[in-house]
Every structure is written in C-alpha cells, then in structure tokens.
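Visitor:
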Amino acid sequence: MHAQIQIVERFVIATAQKGPLGLAEEYRNIPAFPDPTAKFTAFTANMRKNRYSDVHCIDSTRVVLKIDSERSGDYIHANYVQNELLNRKFICTQGPLQDTTYDFWRMVYQEKINSIVMLCSPNEEGRTKCDEYWPEGKGNKNEYSSLIVENVGQDDDDFKTTQLIISPNPAFDWSKEDKAKTKHQFVHLYRWSRWPDRGIPDKESVMIPLRLLDLIKSGPSVIHCSAGIGRTGSLMVIEIALKTIMSGQELNIRQITEDLRKSRCQCVQNEMQYLYVHRILIEYAIQYMNTEKTKKGKEACFRFLEDYNSRLGKK
Numbered sequence: 035m036h037a038q039i040q041i042v043e044r045f046v047i048a049t050a051q052k053g054p055l056g057l058a059e060e061y062r063n064i065p066a067f068p069d070p071t072a073k074f075t076a077f078t079a080n081m082r083k084n085r086y087s088d089v090h091c092i093d094s095t096r097v098v099l100k101i102d103s104e105r106s107g108d109y110i111h112a113n114y115v116q117n118e119l120l121n122r123k124f125i126c127t128q129g130p131l132q133d134t135t136y137d138f139w140r141m142v143y144q145e146k147i148n149s150i151v152m153l154c155s156p157n158e159e160g161r162t163k164c165d166e167y168w169p170e171g172k173g174n175k176n177e178y179s180s181l182i183v184e185n186v187g188q189d190d191d192d193f194k195t196t197q198l199i200i201s202p203n204p205a206f207d208w209s210k211e212d213k214a215k216t217k218h219q220f221v222h223l224y225r226w227s228r229w230p231d232r233g234i235p236d237k238e239s240v241m242i243p244l245r246l247l248d249l250i251k252s253g254p255s256v257i258h259c260s261a262g263i264g265r266t267g268s269l270m271v272i273e274i275a276l277k278t279i280m281s282g283q284e285l286n287i288r289q290i291t292e293d294l295r296k297s298r299c300q301c302v303q304n305e306m307q308y309l310y311v312h313r314i315l316i317e318y319a320i321q322y323m324n325t326e327k328t329k330k331g332k333e334a335c336f337r338f339l340e341d342y343n344s345r346l347g348k349k
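In this note's numbering, the protein residues as written are 35 to 349.
#1: Assuming C126 and G282 make a contact with CB atoms under 8 Å, what is their CB distance in whole Å?
#2: Using 10 angstroms around the beta-carbon of T49, count the other beta-carbons present and answer buried if the total reaches 16, otherwise exposed.
#3: Would you give the residue range spanned by the alpha helix (DSSP H) that M141 belongs to?
#4: Using 8 Å as the threshold, is the C-beta distance between L223 and M152 below it?
#5: Do V183 and P169 have their C-beta atoms within less than 8 Å of each other?
#6: If you draw a straight line from the alpha carbon of D93 to that of G331, how long is it in whole angstroms?
#7: Under DSSP, the alpha helix (DSSP H) around F45 begins and ends at which residues?
#8: Between which two residues does the beta strand (DSSP E) holding K194 run?
#9: Counting along the chain, where does the alpha helix (DSSP H) carrying K329 start and finish?
#10: Does the contact criterion of 3 or more C-beta pairs under 8 Å hold for the stretch 60–73 versus the stretch 330–344?
#11: List the whole-angstrom C-beta distance separating E89 from I263, where the pair is believed to meet the contact cut-off of C-beta under 8 Å.
#12: Which of helix, strand or coil does DSSP assign to V311?
#13: For a minimum of 4 consecutive residues, which ranges assigned as the alpha helix (DSSP H) are wholly contained in the stretch 97–133?
#14: Does DSSP put T291 in a helix, in a strand, or in coil?
#15: Give a yes or no on contact between the stretch 129–144 and the stretch 99–107, applying the rule of three or more CB pairs nearer than 8 Å.
#16: Could you check what DSSP says for R161 in three-state terms: helix, strand or coil?
#17: Nearest to S209 by CA position, among Q219, D293, Q188 and S180, is which residue?
#18: Nearest-angstrom Cα distance between K349 and A76?
#19: Ignoring anything shorter than 3 residues, give me the beta strand (DSSP E) runs that lie fully in the stretch 207–275, in order along the chain.
#20: Taking only three categories from DSSP, how would you classify E170?
#21: Assess, as a yes-or-no matter, whether the stretch 76–87 is touched by the stretch 104–111 under the definition of 3 or more beta carbon pairs within less than 8 Å.
#22: Indicate whether at least one CB of chain B lies closer than 8 Å to the CB of R62.
#23: With distances taken between CB atoms, is the gap from P130 to C154 smaller than 8 Å?
#24: Under the three-state reduction of DSSP, which class applies to Q321: helix, strand or coil?
#25: For L147, which of helix, strand or coil comes out of DSSP?
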C-alpha cells in the first residue's frame, strides 16, 4: 500500500505542475487513431447500423455477433477493451439505435454481461442520443427473434438501477446455436444521466464515477453513452488508471488514453473530459489513498483543484 500511495503522490504532484492548460495541451497531442494499420471494413459496410458516421469501429477489436447471425448479421458498433491490467471483460459501444436494439441484446447475452452502464439519457437537448432499449416497468418484456428481455425490478438512487433477465426465446430455432448459451441471464442496468454530452458532471457528482466502477467490479461489463467514446472512454480511462495504481505501476493518463484508442478509437472526446479524468483521480487520491496526509501530496491536490475550479467554472 505504501508503494501505491507514493505512485499516487507522484501523479498528483505532476498533475498539479501541468495544471489545466498543460493537460489540455497534452490531450491535443494524443492521436485519435494511434494505430495506423487499423482497418474499419465492417464499420464501412454497415453504415446504417452506426449512430455517427465519423465515429469509427476498429475491425480487430470489434465484437462479432454469433447468435442469429445468418439472419441478422454479425455487426455491432462495439469493441473489446484490450489491456493487460483488466482482470475482466469490458466492452465499449454506442447507444443502440431503434434498429440495433436486438443486436445490443444479442451481444449482452453472447458475452455473458453482468452489468450495463448507460452514461446518457435517451434524449438530450432535444436530440435523440440512445434508443430506450430496455423494458420500462417491472414485469414488462421486450421480445426479439431469439431472446426475451424482462424487467424484474427497479431502484432509484443517484442513478437508476434496473434488474433484467434475458431468456432464450423458445420460438427460435436454437438447434444451430451453442447449447451452453441457452440459459437465463441476469443483468444489472445502471443509468446515470447527469453527465452532459461532450461535457462534465457538476461537482456534486464527482464521486459517482468511482461508485459506478465499484458497483460493476465483478463480471463482464458493457459501457455506453451515445457515441460510446466520450463519457464511455473517460470512465474506461479511470478504470484502467485505478488498476494501474493497484498493480504498482506508474500512472500515465496520456499513455492510457492512447492505448485505449487502439481498442476503441477516439475515446475521450475533448480536453474537458480529459481534465475531468484527472479531477476524478485527484478526488480518489484524497478520499482513498490518504495522499493529503503528506505535505507535498496535500498541497498538490488542492493546488490543482483550485486551478481546475477557477478555469472550469467550479465544475
């Protein structure tokens, strides 16, 4: 634990030295497409299934759908996150379109997903950002060709939690599918809508991303917003950063972001989100790593927060 505290202290001191302006400059130097050999063949061939034509999906890391693929295709705008520090599966994806909700549930069922984190609202500022792909209200069901999704419970907290059961549709011919997959599957859907598109949450919500990551700490998870790169990518960088600290390795957010973009290109959409990632990690340092008990760490944390708040309107 002492080594981890030292790692975090070095990180907060370096972050405070860079300040918001230095971090913004650092962000601008991260390539949106760090792998020049990446191909986007499936993305181009399935443009009607893409929410945004300028948000690419890498062939090498894309989720290939297998259930009912002969009839419904194997494409979804979703990528596995490849990082040796992650001890479980993460998938980043776009918010489902009305015509891709079945694809989304095929993926969730196929990949045995335990948790879904939704970081947007279906509608934001008068624009559709995501289809309402889950059945709203306990006892309600959405039926698809091969699957049935049922709402079995809901709770309201800082975010809305919906418990869902995915079942194989008995009307579907499962004889050509993997028999091991024809089982009921329980999934938690966590919806947090206080993170604005291309922006950052208010300061009262600063601990929510850490709470969300703690809730989904076991089992495979899907994270999405609208495009599946801004809010989604920011949360993914935070998760990898926390795993980096726990592993005893030095924390380099620029490198983490660049590496993440090799799995899901364009992740972390703007400078403000990049700054917010650092803001969350500074809060983590204060709350969990006791860095404020060391003089240099304490000074660095609060120097950065003061600079951050003054430049970003106390967000």
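By construction, the Cβ of each residue, glycine as well, lies at the ideal position given by its N, Cα and C atoms.
Guide: Quick look at the numbers:
#1: C126 to G282, Cβ: 26 Å. No contact.
#2: Burial call: buried.
#3: It spans T135 to Q144 - the alpha helix (DSSP H) in which M141 sits, taken as one unbroken run.
#4: Yes, these two residues count as a Cβ contact at 8 Å.
#5: Yes. Within cutoff.
#6: Their backbone Cα atoms lie some 42 Å apart in a straight line.
#7: Counting along the chain, the alpha helix (DSSP H) containing F45 begins and ends at H36 to R62.
#8: K194 to P202 is the extent of the beta strand (DSSP E) around K194.
#9: DSSP places K329 in the uninterrupted alpha helix (DSSP H) bounded by K329 to R345.
#10: By the C-beta criterion, the stretch 60–73 is judged not to be in contact with the stretch 330–344, since fewer than 3 inter-stretch pairs fall below 8 Å.
#11: Strictly speaking, residue 89 in this sequence is Val, with Glu absent from that position. Contact holds; Cβ gap of about 6 Å.
#12: In this structure, V311 counts as helix in the three-state DSSP scheme.
#13: For the alpha helix (DSSP H) assignment, the uninterrupted runs of no fewer than 4 residues enclosed by the stretch 97–133 are, from N- to C-terminal side, 103–106.
#14: Looking at T291 - three-state DSSP - the assignment turns out to be helix.
#15: In the pairwise beta carbon analysis, the stretch 129–144 is classified as touching the stretch 99–107: at least three pairs are separated by under 8 Å.
#16: Under the three-state reduction of DSSP output, R161 falls in the strand class.
#17: Comparing Cα positions, the closest option is S180.
#18: The predicted position of K349 is uncertain, since its pLDDT is 46 and thus under 50; no value can be drawn from it.
#19: If we require 3 residues or more, the beta strand (DSSP E) runs fully inside the stretch 207–275 come out as 219–225 and 255–258.
#20: Correct three-state label for E170: coil.
#21: Touching, yes, given that three or more Cβ pairs across the two stretches are closer than 8 Å.
#22: Within the model displayed, chain B is absent; a lone protein chain is all it includes.
#23: The answer is no: Cβ separation not under 8 Å.
#24: Here Q321 sits in helix by DSSP.
#25: It should be noted that the sequence gives Ile, not Leu, for residue 147. Note: I147 maps to coil in three-state DSSP.
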